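See below for the structure under consideration.
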DNA sequence: TCACACTTGATTGTCGACAATCGGAGTGGA
DNA sequence: TCCACTCCGATTGTCGACAATCAAGTGTGA
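Chains as they are written, first to last, in this note's numbering: chain A, 1 to 227; chain B, 228 to 454.
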């Protein structure tokens with residue numbers, strides 16, 4: 001699970017995680033205004049920690065804040081999503097290239113086993129995309145870890161870039177892309193096993209481009225049906 | 228100037244900017260503990276806004292925070308700097324590639340003029356690296372803007388990645404690299420004028436690799452003299 | 001009827017004080 | 001002499017209340 005639920009730590013941290021979760025899962029709608037007093041009461045805390053949490057989320061780009069006018073959940077329009085996937089392609093491509101030389105054989109083997117479990121899960125419960133999405137993010141995160149670049153890990157990992165998970169949730173309803181995605185993951189692992197960084201980067205970039213293409217089409221359909 | 232000084236807005240915003248400036252310029256030493264009450268008094272505000280500011284800086288990775296143990300200025304060791312420059316190479320390379328197709332002729336022309344002013348400045352006051360560093364960051368930021376990718380702009384621009392400015396300050400003392408850097412900037416602009424994204428990316432990546440190499444050697448010397 | 005200023009309500013921004021927690025100095029015993 | 005325990009000061013975490021600001025609704029005059 002990438003969703004950390006540290007019921008320990010400061011209240012601000014707890015609030016940040018709970019809010020992040022609510023936003024990512026869509027429980028809090030995009031563009032929705034966040035009332036400090038109301039949220040503070042719901043979480044059973046004062047407004048101080050909550051405001052700190054909102055600052056944190058602002059840094060994560062999960063909310064936008066306007067002085068004296070409150071904070072709102074970010075809205076992911078097409079352009080924003082496109083920008084995100086563009087950056088992601090560059091960063092994850094880089095992560096893959098580095099991982100090809102930095103990961104241990106053991107780690108790559110673990111990665112392969114992760115895909116095995118993943119495949120089994122798909123066979124068992126075809127529709128359960130939810131867990132797929134989680135597992136997929138795990139896959140990507142493991143590669144980010146394999147890059148040994150802390151900055152990259154932060155950006156692609158838990159802290160930053162919850163936005164990614166947000167798009168996933170938003171678009172994981174009818175993601176029929178699980179099988180080709182798994183296939184691509186396998187290819188990437190194969191490239192890692194061969195220690196071929198260039199190939200691994202290429203494959204990862206294609207993989208993400210494919211994901212964006214798929215999501216982009218889904219948005220088109222939504223807009224059509226909405227119009 | 229990239230240093231925004233919004234003496235308007237909330238106190239927390241003001242504090243965040245002042246603190247960021249102090250950290251980037253080294254006024255607050257790396258690893259230094261930040262006492263909330265003391266800072267609050269120095270800035271003439273309560274601890275509430277200051278804590279919000281610290282949360283903000285934490286998101287920028289300018290400080291690290293440990294619950295119940297306070298926040299400290301981040302320490303830029305060699306590995307961290309290396310990681311930053313790695314990520315920067317990927318992101319700015321991408322920005323360059325996009326800018327080659329997205330920037331208007333007018334913008335590219337402006338960029339060229341920026342380099343003219345830059346060159347003049349170098350001739351006039353050879354040693355004044357400070358302004359060079361600012362101008363250089365302006366150059367890079369303009370290209371990030373040219374990519375038309377908001378996420379990229381945020382990451383490379385003012386908000387995120389003040390860390391970069393921090394390394395600059397830390398290493399801009401004896402940066403004899405201004406001339407070759409300017410030359411490389413010119414080459415990049417030339418590539419943009421030719422709308423050659425691939426070349427622009429290649430040149431930018433080399434440019435950043437060169438910068439890292441220079442800084443890396445500088446660190447080596449420092450460590451030698453320290454040892 | 002429309003425009004404009006005012007009032008009012010709600011929400012955000014800020015402060016001071018209290019509670020919880022941690023690190024370290026000091027002391028006692030093995 | 002060294003280790004462990006205790007206590008205390010300092011610092012962080014939290015809350016409630018007050019002030020400032022903005023938005024909407026209302027009334028008045030042209």
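Glycine included, C-beta positions come from ideal geometry on N, C-alpha and C.
Computed from a prediction, not measured in an experiment: that's the story for all the values here.
To which residues of the same chain is residue 249 of chain B closer than 8 Å at the C-beta, ignoring the five residues directly before and after it? The residues 255, in chain order, have a CB closer than 8 Å to that of residue 249 of chain B in the same chain once the five nearest residues on each side in sequence are set aside.
Among A:144, A:87 and A:118, nearest to residue 100 of chain A - alpha-carbon criterion: A:144
Should residue 358 of chain B be flagged as near chain A, meaning a C-beta pair shorter than 8 Å? The pLDDT assigned to residue 358 of chain B is 47, lower than 50, so where the model puts this residue is not dependable, and the model offers no usable value.
For residue 357 of chain B and residue 349 of chain B, I'd like the C-alpha separation in whole angstroms. Confidence in residue 357 of chain B is poor, its pLDDT being 45 and thus under 50, which makes the residue's placement unreliable; the coordinate value appears in the next sentence. Spanning the two alpha carbons is a distance of roughly 11 Å.
Mind checking if residue 372 of chain B is an interface residue toward chain A, Cβ cutoff 8 Å exclusive? By the rule that beta-carbons nearer than 8 Å mark a contact, residue 372 of chain B does not touch chain A.
List the residues of chain B whose Cβ lies closer than 9 Å to the Cβ of residue 86 of chain A, in chain order. 321, 325, 374, 376, 378 and 379
Rounded C-alpha distance that separates residue 231 of chain B from residue 431 of chain B: Annotation note: pLDDT 42 at residue 231 of chain B (below 50); position unreliable, coordinate value reported separately. Using only the alpha carbons, I get a separation of about 26 Å.
Residue environment, residue 24 of chain A, which counts as buried when at least 16 other CB atoms sit within 10 Å: buried
In chain A, which residues lie with their C-beta within 8 Å of the C-beta of residue 433 of chain B? What residue 433 of chain B touches in chain A: nothing, since even the nearest Cβ is about 16 Å away.
Taking a contact to mean a Cβ-Cβ separation below 8 Å, would you say residue 81 of chain A touches residue 215 of chain A in this structure? yes
Compare the C-beta of residue 223 of chain A against all C-beta atoms of chain B and say whether one is closer than 8 Å. no
According to DSSP, simplified to helix, strand and coil, what is residue 130 of chain A? Residue confidence for residue 130 of chain A is low, a pLDDT of 45 falling below 50, so the modelled location carries little weight; the figure read from the coordinates is stated next. Correct three-state label for residue 130 of chain A: helix.
Whole angstroms are fine: how far does the CA of residue 219 of chain A sit from the CA of residue 78 of chain A? 8 Å
Can you tell me whether residue 72 of chain A is helix, strand or coil according to DSSP? strand
From the DSSP output, in three-state form, read off residue 456 of chain B for me. Only positions 228 to 454 of chain B appear in this structure, which leaves residue 456 of chain B out of reach.
I think residue 94 of chain A touches residue 192 of chain A, with their Cβ atoms under 8 Å apart; what is that distance to the nearest whole Å? Actually they do not touch by this definition, with Cβ atoms about 14 Å apart.
Does the contact criterion of 3 or more C-beta pairs under 8 Å hold for the stretch 332 to 351 of chain B versus the stretch 40 to 58 of chain A? no
From this set, B:292, B:236 and B:237, which residue's C-alpha is nearest residue 262 of chain B's C-alpha? B:292
What residue does the alpha helix (DSSP H) around residue 15 of chain A start on, and which one ends it? Its alpha helix (DSSP H) spans residues 11 to 24.
Would residue 310 of chain B count as contacting chain A if we go by Cβ distances under 8 Å? It does; some Cβ of chain A falls within 8 Å.
Residue 541 of chain B in three-state terms, based on DSSP: This structure leaves residue 541 of chain B out entirely; chain B is present only between 228 and 454.
Rounded to whole angstroms, what is the Cα-Cα separation between residue 272 of chain B and residue 238 of chain B? 7 Å
CB contact flag (residue 76 of chain A, residue 155 of chain A, <8 Å): no
Coil, strand or helix - residue 27 of chain A by DSSP: coil
Contact check, residue 264 of chain B vs residue 274 of chain B under 8 Å by CB: the rounded distance? 6 Å
Which residues of chain B have a Cβ atom closer than 8 Å to the Cβ of residue 52 of chain A, listed in chain order? 278, 279 and 282
For residue 247 of chain B, count neighbouring Cβ atoms within 10 angstroms of its own Cβ and tell me buried if that reaches 16, exposed if not. buried
Among A:226, A:201 and A:213, the one whose alpha carbon lies nearest that of residue 90 of chain A: A:201
State yes or no: is the C-beta of residue 300 of chain B within less than 8 Å of the C-beta of residue 259 of chain B? Going by C-beta atoms, residue 300 of chain B is nearer than 8 Å to residue 259 of chain B.
State the DSSP-derived secondary structure class of residue 59 of chain A, mapped to helix, strand or coil. Residue state, collapsed to three classes: helix.
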